[in-house]
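Written out below as structure tokens is the structure these notes cover.
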Amino acid sequence: MIFSRFFRRRTPPSPQLESGLKRSRQGIFRQIVQLFERSQIDRELFDDLEALLIQADLGVATTEALLERLQERVRRGEVRDPVEAREALREEMVALLEAAMRNRRVKIYQRGVPFVSLVVGVNGTGKTTTIAKLARYHLDQGRTVLLVAADTFRAAAIDQLKAWGERLGVPVIAHAPGADPGAVVFDGMQAAHNRGIDVLLIDTAGRLHTKSNLMAELAKIRRVIQRHVPDAPHEVLLVIDATTGQNGLNQARVFTEAAGVTDIALTKLDGTAKGGIAFAIARELGIPIAYVGTGEKPTDFAEFDPEAYVDALFFGDEED
Ligand SMILES: Nc1nc2c(ncn2[C@@H]2O[C@H](COP(=O)(O)OP(=O)(O)OP(=O)(O)O)[C@@H](O)[C@H]2O)c(=O)[nH]1
Ligand SMILES: [Mg+2]
Numbered sequence: 085m086i087f088s089r090f091f092r093r094r095t096p097p098s099p100q101l102e103s104g105l106k107r108s109r110q111g112i113f114r115q116i117v118q119l120f121e122r123s124q125i126d127r128e129l130f131d132d133l134e135a136l137l138i139q140a141d142l143g144v145a146t147t148e149a150l151l152e153r154l155q156e157r158v159r160r161g162e163v164r165d166p167v168e169a170r171e172a173l174r175e176e177m178v179a180l181l182e183a184a185m186r187n188r189r190v191k192i193y194q195r196g197v198p199f200v201s202l203v204v205g206v207n208g209t210g211k212t213t214t215i216a217k218l219a220r221y222h223l224d225q226g227r228t229v230l231l232v233a234a235d236t237f238r239a240a241a242i243d244q245l246k247a248w249g250e251r252l253g254v255p256v257i258a259h260a261p262g263a264d265p266g267a268v269v270f271d272g273m274q275a276a277h278n279r280g281i282d283v284l285l286i287d288t289a290g291r292l293h294t295k296s297n298l299m300a301e302l303a304k305i306r307r308v309i310q311r312h313v314p315d316a317p318h319e320v321l322l323v324i325d326a327t328t329g330q331n332g333l334n335q336a337r338v339f340t341e342a343a344g345v346t347d348i349a350l351t352k353l354d355g356t357a358k359g360g361i362a363f364a365i366a367r368e369l370g371i372p373i374a375y376v377g378t379g380e381k382p383t384d385f386a387e388f389d390p391e392a393y394v395d396a397l398f399f400g401d402e403e404d
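What follows is the structure, encoded as structure tokens:
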């Protein structure tokens, strides 16, 4: 793709991001890049761009907002040809992600004082896998980690977390299936305190059969956490499966009301060509994306960076 060379690439993406966004980059975003090979900016260009952005899962509202900004720059005479339009699109996409990043709470890790991360989300979105990735990430930063199996709904869920704990060499606090999640969290908080653990990662059940059930359970877990550490949880991480598209956004709204979500982990980006969902999340929820999941292994994970994300959508294949 010759035209991709015209982009100014400022942030080298991690190999995880580069391979994780491959499907998006080689699918819809390649077509977007190709749109700007035309000789002039016209109505058709904007119409085609609109269709592709919606197809990439940005959602109608976010697509309209982006096009509006772009058209405004054309009207003001800042953007005069397709190459400038493409660069402007890239800038506006980065700005959109950065706006949500401004709502980010600073994460302060203190040795021996547990940083409490509550991981929530719908069934199968990748909560437990993301916890394994986070454990790996914190271990790499030299922090001690404890996992808490507060998804007591299924025996397999507890076993899955224990298996990750063994593989990563990290202790896991678990009770029998069907136990009270609040009681498991209580033990987890106490263990973290007694052992001087730096990071506590709490796995929760994802079932959503009634919203009031979910709210009550998460509220109880929060109360138990706060009895030990009043300003915790320091992070309420909502895990969203990128392959579920706009549906994921609706789930996110429910969890945001129920759990006071502070950050998002966007998973399974490797399994979709619709990496545009990140923009819809950022604009419509205003919640920062903290991490992305790009595969099933603990290392298939990256801290979110708006520029690196946008750049990995637009280019990155050496063979192009
Ligand atoms: N390709 C890919 N698969 C992933 C990713 N994250 C998780 N998975 C897979 O998605 C499936 C579900 O992941 P889990 O971590 O068990 O999801 P969960 O949210 O804990 O599910 P429940 O406990 O049933 O609510 C597993 O097969 C994971 O290996 C990712 O980033 N990429
Ligand atoms: Mg799970």
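Residue numbers for the sequence shown follow this note's numbering, beginning at 85 and rising by one. The C-beta atom is built at its ideal place from N, Cα and C for all residues, glycine as well.
Say the cut is 7 Å; is the CB of residue i nearer than that to a heavy atom of ligand 1?
| i | result |
| --- | --- |
| ASN207 | yes |
| THR212 | yes |
| ASP243 | no |
| ASP235 | yes |
| LYS304 | no |
| LYS352 | yes |
| LEU384 | A small correction: the amino acid at residue 384 is Asp; Leu does not occupy that position in the sequence shown. Yes, ligand 1 has a heavy atom inside 7 Å of this Cβ. |
| GLY111 | no |
| THR146 | no |
| THR378 | yes |
| GLY290 | yes |
| GLY355 | yes |
Can you have a look at residue i and say buried or exposed, based on whether 16 or more other CB atoms are within 10 angstroms of its CB?
| i | result |
| --- | --- |
| PRO314 | exposed |
| GLY400 | buried |
| GLU403 | Because the pLDDT of GLU403 is 45, which lies under 50, any placement of that residue in the model is unreliable, and the number read from its coordinates should be weighed accordingly. Looking at its Cβ environment, which holds fewer than 16 other Cβ atoms inside 10 Å, GLU403 is exposed. |
| VAL190 | exposed |
| ARG307 | exposed |
| ALA247 | exposed |
| GLY352 | Before going further, note that residue 352 is Lys rather than Gly in the sequence given. LYS352 should be labelled buried. |
| GLN335 | buried |
| LYS295 | exposed |
| GLY161 | exposed |
| ILE86 | Note that ILE86 has pLDDT 44, beneath the 50 cutoff, so the model's placement of it is unreliable and the number below is only indicative. Answer is exposed; the Cβ neighbour count stays below 16. |
| SER103 | buried |
| SER429 | As shown, the chain starts at 85 and ends at 404. That puts residue 429 outside it, with no answer to give. |
| ARG89 | Residue placement at ARG89 cannot be trusted, given a pLDDT of 46 that sits under 50; what the coordinates show is reported in the next sentence. By the 10 Å Cβ count, ARG89 comes out exposed. |
| VAL144 | exposed |
| ARG114 | buried |
| ASP347 | buried |
| ASP395 | buried |
| LYS211 | buried |
| ILE242 | buried |
| LYS381 | exposed |
According to the Cβ coordinates, are residue i and residue j closer than 8 Å?
| i | j | result |
| --- | --- | --- |
| LEU350 | LEU284 | no |
| LYS55 | ALA326 | Outside the shown range of the chain (85 to 404) lies residue 55, about which nothing can therefore be said. |
| ASP354 | THR383 | no |
| PHE363 | MET177 | yes |
| ALA233 | ALA267 | no |
| LEU397 | LEU105 | yes |
| PRO261 | ALA289 | no |
| LEU333 | VAL204 | no |
| ALA386 | LEU181 | no |
| LEU142 | LEU173 | no |
| VAL269 | ILE309 | yes |
| LEU252 | ARG220 | yes |
| SER98 | ALA392 | yes |
| ILE112 | LEU133 | no |
| ASP235 | ASP287 | yes |
| ALA366 | ALA149 | no |
| ALA140 | GLY360 | yes |
Is the closest heavy atom of ligand 2 to the C-beta of residue i under 7 Å?
| i | result |
| --- | --- |
| ASP282 | no |
| ASP325 | no |
| ASP126 | no |
| ASP395 | no |
| ILE287 | What sits at residue 287 in the sequence shown is Asp, not Ile. Yes, since a heavy atom of ligand 2 falls inside the 7 Å radius drawn around the Cβ of ASP287. |
Query - the stretch 364-382 contacting the stretch 166-174, beta-carbon criterion three pairs below 8 Å - result: no
Query raised in the report: At which residue ranges does the stretch 297-337 contain complete beta strand (DSSP E) runs of 3 or more residues, listed in the order of the chain?
Result: 319-325
Report task. Assess, as a yes-or-no matter, whether the stretch 276-291 is touched by the stretch 215-230 under the definition of 3 or more beta carbon pairs within less than 8 Å. Result -> Look at the beta carbons and you see the stretch 215-230 touching the stretch 276-291: at least three pairs across the two are nearer than 8 Å.
Query raised in the report: How do the stretch 317-326 and the stretch 189-206 stand: do at least 3 beta-carbon pairs fall below 8 Å, yes or no?
Result: Flag = yes, the stretch 317-326 and the stretch 189-206 touch.
Query raised in the report: If you scan the stretch 217-300 from start to end, which runs of the beta strand (DSSP E) of 3 or more residues do you find wholly inside it?
Result: 229-234 and 283-288
Report task. Enumerate, from N- to C-terminal direction, the unbroken alpha helix (DSSP H) stretches of 4 or more residues contained entirely within the stretch 119-163. Result -> 127-139 and 144-159
Query raised in the report: Quick one: complete beta strand (DSSP E) runs, 3+ long, within the stretch 181-206?
Result: 199-204
Query raised in the report: Which runs of the beta strand (DSSP E) fall wholly inside the stretch 367-399 and span at least 3 residues, in chain order?
Result: 373-377 and 385-387
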